[in-house]
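**Student:** FYI, this note's numbering numbers position 122 of the sequence shown as 193, with every residue one higher than the one before it.
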Amino acid sequence: MIGSLPRAGGRRCRKAPAGDVAVLQWTYAPPYPPGPVERRPVQAFPYPQEGWKRIQCSKGGKMMKRFALPVVAVTAAALLVGALAPAGAVVVWPGDMQGWVFATRQGTSSTPPTAQFVNGPATTPAGSGSFQMRTGYSDTNPISKVYLGTNNHSGVALSRITSFKYYTYVANRDYTDGQPPMIELITDSGSSAQQRRFWFLPWGPNGTQNVQLNVWQEWDLMSANGRWELVGTSSTNYFGNWSWVVGRYSGAKLATPYVGDYVDPLVNLQLANQTGTSLSVKIGAGQAADSRYGAWWRTSSSINGFVDLLVIGIDGVEYVYDFEVVPEPASLTALALGLGAFGGLLRRNRK
């Protein structure tokens, strides 16, 4: 913001040489970013009006160029600050995964899947990067998959989760059934160690709801309109919103699965996924076809998606995960340079 600019009012410009016109230069603070500088003679505009702030005294506008560069630097830096990770966010990056892991399975696809930290795309929800998840064409078992997950919260009861959201971006999908990166939760049954698998479907059961390509979308996983499904059951009570998830198995807690594939046989009543994690972001149908889902493979075939800024609140305390290529956004450097240049200018003007 422009709150760091000198306050309105104060002394007038130094006396200008004979024949020159002394002016005050003002800019209107709201809206942000500021509009063009307006120059008015001191005699015509000796005191600031409401909402205006004084920027600079000069002689006939001759100092305008010297002042313009630092203002641009500060403005650009201020804009970049909006992309910084939220205060207290845990930055997950290749040098420190903070308890997160990722894994892929090429399966029968001729194209290896992509799982990597990248810059962008576009203006990310936090910082300057995200995690890319890309699958190729895959219509027979085993299906191509990408998983990014953590066991940081294994053992936490679903009823203790007080907030839950994340952001996705989809650059491409080959079929209208295709889904953005989904959330997968592995839980116990609430009364035994037998595990359950829940999926959150951002674009609804058929991939046709709230569809937007090349745009970051925020998903509230606890929304009354959200679509969760209990996967791998023959029960007719297999879908609902977050309240349904919490009530489906009373007392259920996040539980760590084995490392493996959806189609692997159960071992000791435990499920499996590629990362062996209870909380995962993933692209990849369970298998090519299913009696409930039909041609299931189309939900994850040739998807180019990205994920960023996952937030999970437990007992009111939020854990914020920001996915980045590097631990600190380059915008910090830009901010320091901009503020330094601006501070130097203020010191010169006070002399």
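Just so you know, even glycine gets a beta-carbon here, dropped at the ideal spot from N, CA and C.
1) Let's see if you can read the secondary structure: which residues bound the alpha helix (DSSP H) around T318?
2) Thinking C-beta only, is W270 closer than 9 Å to M293?
3) Do F235 and W313 have their C-beta atoms within less than 9 Å of each other?
4) Rank P157, S263, G387 by C-alpha distance to the C-alpha of N339 and give the top, closest one.
5) I need the straight-line Cα distance from A174 to Q345, nearest angstrom please.
6) Going by C-alpha to C-alpha distance, which of N277, R363, G198, A193 sits closest to E395?
7) Pick helix, strand or coil for L219, following the three-state DSSP scheme.
8) My output table needs one value for T233: the three-state DSSP class, helix, strand or coil.
9) To the nearest whole angstrom, what separates the beta carbons of W287 and A193, a pair I think is in contact under 8 Å?
10) Restricting to Cα atoms, I'd like to know which of D167, T206, A160 is closest to N375.
11) Taking DSSP as the reference, what is the three-state secondary structure of R298?
12) Opposite G178 in the DSSP bridges: which residues?
13) For G226, which residues of its own chain have a beta-carbon under 7 Å away from its beta-carbon, when the five flanking residues on both sides are left out?
14) Around the Cβ of G166, are there at least 16 other Cβ atoms within 10 angstroms (buried) or fewer (exposed)?
15) Determine the DSSP secondary structure at R205, reduced to helix, strand or coil.
16) A149 to T185, Cα distance in whole Å?
17) Can you find at least 3 beta carbon pairs, one from the segment 236 to 244 and one from the segment 353 to 361, that sit closer than 8 Å?
18) Taking just the CA atoms, how far does Y392 sit from R268?
19) Quick one: Cα of R176 to Cα of F202, how far?
20) Can you check whether the CB of K216 is closer than 9 Å to the CB of S373?
21) My assumption, with CB atoms under 8 Å, is that S209 sits in contact with T179. Please give the rounded CB distance.
22) Between the Cα of V352 and those of P398, F377, I385, spot the shortest distance and give me the residue it belongs to.
23) For P213, tell me which candidate among W368, Y390, Q187, D291 has the shortest Cα-Cα distance.
24) Take M164 as the anchor and find which of Y364, N190, N223 has the nearest alpha-carbon.
25) Check whether the Cβ atoms of I232 and L342 sit closer than 9 Å, and answer yes or no.
26) Quick one: Cα of G297 to Cα of T182, how far?
27) Rounded to a whole number of angstroms, what is the C-alpha to C-alpha distance between Y309 and I383?
28) Measuring only the C-alpha atoms, how far is T221 from L381?
29) Between which residues of its own chain and W171 is the CB-CB distance below 6 Å, once the five residues before and five after are set aside?
30) I'd like the span of the beta strand (DSSP E) that includes G376, first residue to last.
31) Based on DSSP bridge pairs, tell me the residues matched to S305.
32) Find out if the Cβ-Cβ distance for the pair Q169, N223 is shorter than 9 Å.
33) Helix, strand or coil for R268, going by three-state DSSP, please let me know.
34) Just how far apart, CA to CA, sit G347 and Y218?
35) Checking the sheet assignment: what are the DSSP bridge partners for W171?
**Tutor:** Inspection of the coordinates gives the following:
1) According to the sequence shown, residue 318 is Gly rather than Thr. G318 -> alpha helix (DSSP H) spans 313 to 319.
2) Not a contact, by the Cβ cut-off of 9 Å.
3) For F235 and W313, yes; Cβs fall inside 9 Å.
4) Nearest option by C-alpha distance: S263.
5) If you draw a straight line from the Cα of A174 to the Cα of Q345, it is about 6 Å long.
6) Minimum Cα distance to E395 is reached at G198.
7) Strand, per DSSP.
8) Residue state, collapsed to three classes: strand.
9) Sure, about 7 Å apart at Cβ, within 8 Å.
10) Among D167, T206, A160, the Cα nearest to that of N375 is on T206.
11) DSSP, reduced to helix, strand and coil, places R298 outside both helices and strands of the structure shown, so it counts as coil.
12) Here G178 is not bridged, per DSSP, to any residue.
13) The residues are K324, L325.
14) That one is exposed.
15) When DSSP states are grouped into helix, strand and coil, R205 belongs to the strand group.
16) Low confidence applies to A149: its pLDDT is 40, below 50, so where it sits in the model is not reliable, and the reading given next is rough at best. Each residue's alpha carbon lies about 34 Å from the other.
17) The segment 236 to 244 vs the segment 353 to 361: no contact.
18) Near 22 Å, if we compare the C-alpha coordinates of Y392 and R268.
19) Between R176 and F202, the alpha-carbon positions lie close to 17 Å from each other.
20) No, they are not a contact pair.
21) At roughly 6 Å, the Cβ-Cβ gap stays under 8 Å, so S209 and T179 are in contact.
22) Selected option, being the one with the closest Cα: F377.
23) Taking only the C-alpha atoms, the option nearest P213 is W368.
24) The sequence given here has Trp at residue 164, not Met. Of the candidates Y364, N190, N223, the one whose C-alpha sits nearest the C-alpha of W164 is N190.
25) Contact flag unset, no.
26) Whole-angstrom Cα-Cα distance: 32 Å.
27) Per the coordinates, the alpha-carbon of Y309 lies some 23 Å from the alpha-carbon of I383.
28) So the alpha carbons of these two residues sit roughly 12 Å apart.
29) Counting only Cβ-Cβ distances below 6 Å, and skipping sequence neighbours, we find V163, T221.
30) First-last of the beta strand (DSSP E) with G376: 375 to 385.
31) According to the DSSP secondary-structure assignment, S305 is paired through a beta bridge with no residue.
32) Closer than 9 Å, so yes.
33) It is a strand residue.
34) Straight-line measurement puts the Cα of Y218 at about 9 Å from the Cα of G347.
35) DSSP, once it has assigned bridges, lists T221 as partnering W171.
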